[in-house]
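Heads up: the structure comes next, in structure tokens.
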Amino acid sequence: MTDKIKNILNEQIREEMYSSNLYLALAGRLESWNLKGMANWMQIQAKEEHNHALGFFFFLLSRGQEPVLSAIAQPDLQGIDKPADVFAAALKHEQHITACINAIYEAAKEEKDYALESFIRWYIDEQVEEEANATEISDKLKMIGSEGPAVYMIDNELGARTFTEFIPGKTAA
Ligand code: OFO
Numbered sequence: 001m002t003d004k005i006k007n008i009l010n011e012q013i014r015e016e017m018y019s020s021n022l023y024l025a026l027a028g029r030l031e032s033w034n035l036k037g038m039a040n041w042m043q044i045q046a047k048e049e050h051n052h053a054l055g056f057f058f059f060l061l062s063r064g065q066e067p068v069l070s071a072i073a074q075p076d077l078q079g080i081d082k083p084a085d086v087f088a089a090a091l092k093h094e095q096h097i098t099a100c101i102n103a104i105y106e107a108a109k110e111e112k113d114y115a116l117e118s119f120i121r122w123y124i125d126e127q128v129e130e131e132a133n134a135t136e137i138s139d140k141l142k143m144i145g146s147e148g149p150a151v152y153m154i155d156n157e158l159g160a161r162t163f164t165e166f167i168p169g170k171t172a173a
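54 is the number that the working numbering gives to position 54 of the sequence shown; each next residue is one higher, with no gaps.
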């Protein structure tokens, strides 16, 4: 594995761990507003992101490289004052992650790292789903505003989400 690939994968571990912390912080904010269903959705998102980080962690190990964990910035919750802001922030963040994943795919091609090219495909597909989910919830919340029975209904809906343990490259989808 080239140094360029090693660095970009270690950097992605940091990105995924930041995503996990960001979503946990957003879950905390939602819970503080008593929107426990939305908080449940975000907490599950945080767990999934932790597993996305583990996917890169174990991929590095399986290629004979020791993963390097680096400092994770404090999640930035400025300007997040209502549920629609929370999910708009999640969408914006996922768009950033999509760019990171695409850059990994490009690096894999440039460096002719075929194992990485195959591994990263799961993440490319996952980003389509991640952006679609965040867009759907964000659009609905923009449509209905911050209060009223519709918010209560969406909160209930998101409370039904359950977590399935899955580490990319390690466990069956
Ligand atoms: Fe939300 O995405 Fe990880 O990779």
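Glycine included, each C-beta is placed from N, C-alpha and C at the ideal position.
Which class does residue i belong to by DSSP, given the choice of helix, strand or coil?
i    : result
I167 : coil
S19  : helix
Q74  : coil
L69  : coil
R121 : helix
S146 : coil
A160 : coil
Within 7 Å: the Cβ of residue i and any heavy atom of the ligand OFO?
i    : result
Y123 : yes
N101 : A quick correction: the sequence has Ile, not Asn, at residue 101. Yes.
E11  : no
S19  : yes
E94  : yes
Please report the residue range of the alpha helix (DSSP H) in which residue i lies.
i   : result
W41 : K36 to S62
E94 : P83 to E110
For residue i, count neighbouring Cβ atoms within 10 angstroms of its own Cβ and tell me buried if that reaches 16, exposed if not.
i    : result
V86  : buried
P83  : buried
D113 : buried
M153 : exposed
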